[in-house]
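Notes follow the structure.
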Amino acid sequence: MTTAPTPTPSRKRSRHVRIALLGAAAFSLAACREEEVPSAAFPTLDACLEAAAGPGTWVTEESCEQGFGEALEAHVETAPRYDEEALCEAEHGGECMVEERPGGGGSVFLPLMAGYLLGNMLGGRGAMAQPFYGRSSGGFATPGGTVLNNARGSTTLSQNAFKAGPVTRSAAPMTRATVNRTGGFGAARTGTGSRGFGG
C-alpha cells in the first residue's frame, strides 16, 4: 500500500501564499463594490451653487464649478449622437442641437444636458462629475449607464456611477434601427441601477 507524499515545506509555503493572495483579491473586490460616495444631481450650475450656499452639505462652490466643467467636457466626448433630429428629440424628450462633423462628415444631433451628477470621491480625489440626459422611458441616464429617477437631489452612489461613457464624437451616430435593436439610450444599462434622490 502506497501513501501520498508528504508536502515539502516549500510546497506548503506556496499554497499558503496562493490562498493569502486569493483572499486579499476577494477582499479588495468586495471593498470596491461597497464603496459608496456622497452624490448629488443638479439640473444647472446655479442649482448646485444654491445648494453649496446652504447649511450641512459637502457640496462647495468649487466642486460645483469643477464638476460642471468636467460634465461639459464629458458631454462633448460622450453625449449620445443621432442621425436624425426627430429621433434625438424622441429619445430625450426635448430639444436637440446640431453638430457639423469636420471634413464634410455631415450633421449629427445630440441632446442638451439635462443636468450633471456630482460625487465626492474617496481618498482626497475631490469631486467627479458626469452629464445626464432625459430618457424616452422616463428618468435620466449618464453616458456611462447610471440611471436616475430625478434630476435634483442627494444620495450615495458607487464610485462606478461616475465612469465615463464610450466616446461618440467620432463614432457612427445612432439610427432608428440602432435604437430599435438596443432599446435606445439608457436602456439595458444595469451597471449601477436606477436610483432616486432625496431633497
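Mind the numbering: the sequence shown is residues -30 to -1, 1 to 169 in mature numbering (1 follows the signal peptide of the UniProt record, and there is no 0), read in order. We put the CB at the ideal spot given by N, CA and C, even for glycine. All values reported here derive from a predicted model rather than from experimental measurement.
query: Let me make sure I understand the geometry here. Which of ALA56, ARG51, SER9 has the alpha-carbon closest to that of ARG71?; result: ARG51
query: Have a look at THR125, PHE79, VAL149, GLY114 and flag the residue whose alpha-carbon is nearest the alpha-carbon of GLU54.; result: PHE79
query: Along the chain, where does the alpha helix (DSSP H) containing ASN150 start, and where does it finish?; result: 146 to 152
query: Where does ALA(-1) sit, in a helix, a strand or coil, going by DSSP?; result: Model confidence at ALA(-1) stands at a pLDDT of 39, short of 50, so the residue's coordinates are unreliable; what they give is reported in the following sentence. Residue state, collapsed to three classes: helix.
query: Since VAL7 sits in a beta bridge, which residues does DSSP pair it with?; result: LEU127
query: Could you pull the DSSP bridge partners for SER77 from this structure?; result: GLU70
query: Which residues in the same chain as HIS45 place their Cβ atom closer than 6 angstroms to its Cβ, once the five residues preceding and following it in sequence are excluded?; result: MET83, PRO101
query: Compute the beta-carbon to beta-carbon distance between LEU92 and GLU5, rounded to the nearest angstrom, for a pair I have assumed lies under 8 angstroms.; result: 6 angstroms
query: Please report the residue range of the alpha helix (DSSP H) in which PHE38 lies.; result: 31 to 48
query: Taking the alpha-carbon positions, what's the THR27 to ASN150 distance?; result: 42 angstroms
query: Please work out which residues of its chain come closer than 6 angstroms, Cβ to Cβ, to PRO143, disregarding the five sequence neighbours upstream and downstream, and give them in chain order.; result: ARG51, TYR52, ASP53, VAL78
query: Taking just the CA atoms, how far does TYR103 sit from VAL7?; result: 21 angstroms
query: Using C-beta distances below 7 angstroms, list every residue in its chain close to VAL137, excluding the 5 sequence neighbours before and after it, in chain order.; result: GLU47, THR48
query: Helix or strand or just coil, what does DSSP make of LEU88?; result: strand
query: Excluding five sequence neighbours on each side, which residues of the same chain lie with their C-beta closer than 8 angstroms to the C-beta of GLY109?; result: VAL117, LEU118, ASN119, ASN120, GLY156, SER164
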